[in-house]
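Notes follow the structure.
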Amino acid sequence: MSVALNPIQARRVNGTLRRPDMFYVYDDGTESDKSSDKILTADCADNSTQTKENPRQRLTIPKCLITPRRKLKRGKLKLMDWKKYHRLSVIYAFIEELERDYPAICTVSVIGKSVEGRDIKMLKISNSNADNSGVWLDACIHSREWITVAVITYIADMIVKNFHTLSSAVTSKDWHIIPVLNPDGYEYTHTHERMWRKNRARYGGECVGVDLNRNFSYGWGQLTGEDGSSDEPNHIFYRGPTPFSEPETIAVRDTILASITPFKVFISFHSYYELIIFPWGNRQDPCPDYLHLLEGGAVMARAIHETSGKTYKVGNTKDLTYYACGTSIDWSYSIAKIPYSYMLELRSKQHRFRLPKDQIIENCKEIWNAVKNLMDYVDEH
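So that you can map any letter, position 367 of the sequence shown is 368 in my numbering, and since no number is skipped, the others follow by simple counting.
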């Protein structure tokens, strides 16, 4: 028998769907009633649509009232893949799934709220060894750079699911992974404007957005114009009214500075220039650890080339691109004292921000190998 649910009832059932011991959600693929999902209990042996409390009852719920979370496909749960770009809800559900399935090493926390009130979530992967050093990975500080989200979630998946077979260079780290640092902007690129870069803060009347990678304190506002940053709210490089004016950058600062574990590596993922960049961005002279950063970058570039044949250039920000003031890697290196601070510009110069889906997994694999090799280098130096 079918039961029609009002919106309140449907949402209550949707909450129950978060309990995988009770229900699965699946699409039966029929042409009729395409707007609805069916609910199937976990203990059903066939394809009938039953509920645990009443095996003769079928519930039909509009898709729009069901949070995308789990799908049943050939008897296996499928939440995340690297064949397409996913929305924020799927990304967060994925890291929460890792936490639930691997509680000994995974913890998900909210490190802050975005301008529009969305959670900024962090996945921490750690064996809780007191001697571990910290690694920071963040993606999507610029919201149109979708490939960064795919790559960082792939890295998280590889670490967690292969933890007991990976080298100690990987497992002796506390991994702090922020898959979407700019959640408002990321959602906006899916629903309104694909090429949106900044967050969604409002300054200067109708002007919207701060370039979060110009909002860190080190070198903030030092240079203006096409190079450096801008004090104009309508500019793509608008740095904000003050350093750390934005909740997203505050979340990074406060989480890193509050950490008991000392960080040794900071990597912020960007696209699309195929570069491995380190400080400085606001000046021409080399940073004190220039040679170590250059060597570590070369290690990553070599791993990428050996994986896919791609050639990534290595150097400081000014040498490879242009002046950039108030960036996260300049802050992490100079203020947070993280010696190996990098910005990885992922694929692709050919496709710019619209990297085709069939290149996602290739980019993921080459960067995962790069990060693993960097861990080896860091442990040896």
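In this text, a Cβ means the ideal position worked out from N, Cα and C, and glycines have one as well.
The beta strand (DSSP E) with residue 112 in it runs from where to where? 107-114
Return the chain-ordered list of same chain residues with a C-beta closer than 7 Å to the C-beta of residue 188, the five sequence neighbours on each side being excluded. 89
Can you tell me whether DSSP reads residue 143 as helix, strand or coil? coil
Which two residues bound the contiguous beta strand (DSSP E) that contains residue 315? 314-317
Which of helix, strand or coil does DSSP assign to residue 255? Here residue 255 sits in helix by DSSP.
Among the residues of its own chain, which have a CB less than 7 Å from the CB of residue 302, if the five just before and after it don't count? 277, 313, 315
For residue 304 and residue 364, which I take to be in contact (beta-carbon distance under 8 Å), what is that distance rounded to the nearest angstrom? With a Cβ gap of about 13 Å, residue 304 and residue 364 do not count as contacting.
Quick one: what's got a C-beta closer than 7 Å to residue 201's C-beta in the same chain, skipping five residues either side? Close CB contacts of residue 201 within its chain, under the 7 Å cut and outside five residues either way in sequence, are with 116, 117, 185, 186, 189, 209, 210 (chain order).
If you follow the beta strand (DSSP E) that residue 209 is part of, which residue opens it and which one closes it? Per DSSP, residue 209 belongs to no beta strand (DSSP E) and is neither H nor E.
When the Cα atoms are used, what is the spatial distance from residue 158 to residue 285? 38 Å
In the DSSP assignment, the beta strand (DSSP E) including residue 341 goes from what residue to what residue? 341-347
Relative to the C-alpha of residue 163, which candidate in 287, 130, 360, 103 has its C-alpha closest? Looking at the Cα atoms, 103 is the closest of the given residues.
Alpha helix (DSSP H) segment containing residue 261, residue limits: Element bounds for residue 261: n/a, residue is neither H nor E.
Please report the straight-line C-alpha distance between residue 178 and residue 342, rounded to a whole angstrom. 15 Å
Just to confirm my understanding: we take residue 130, look at its own chain, exclude 5 residues before and 5 after, and list those with CB closer than 8 Å. What are they? Excluding sequence neighbours, residue 130 sits near 173.
How close, in whole Å, do the beta carbons of residue 247 and residue 241 come, if the pair is a contact with beta carbons under 8 Å? 6 Å
Can you find the residues in the same chain that come closer than 6 Å, C-beta to C-beta, to residue 298, ignoring five residues on each side of it along the sequence? 277, 315
List the endpoints of the continuous beta strand (DSSP E) containing residue 279. 276-279
Spell out the partners DSSP gives residue 165 in its beta bridges. In DSSP, residue 165 forms no bridge with anything.
Selected residue, minimal CA-CA separation from residue 203, among 367, 230, 236: 236
With C-beta atoms as the reference, is residue 318 less than 8 Å away from residue 280? yes
Apply the 10 Å Cβ neighbour rule to residue 239 and answer buried if 16 or more other Cβ atoms are within range, or exposed otherwise. buried
Given this structure, state the Cα-to-Cα distance separating residue 387 from residue 265, to the nearest angstrom. Residue 387 falls outside the range modelled here, since the chain spans only 2 to 382, and no answer is possible.
Nearest neighbour of residue 144, chosen from 134, 311, 259, 270 [CA to CA]: Ranked by how close their Cα comes to the Cα of residue 144, the residues 134, 311, 259, 270 have 270 in first place.
Got a sec, what are the start and stop residues for the beta strand (DSSP E) residue 120 sits in? 120-126
Assign residue 391 to one of three DSSP states: helix, strand, or coil. A query on residue 391 cannot be resolved here, the shown segment of the chain reaching from 2 to 382 and no further.
According to DSSP, residue 136 sits in a beta bridge with which residue or residues? Under the DSSP definition of a beta bridge, residue 136 partners with 176, 266.
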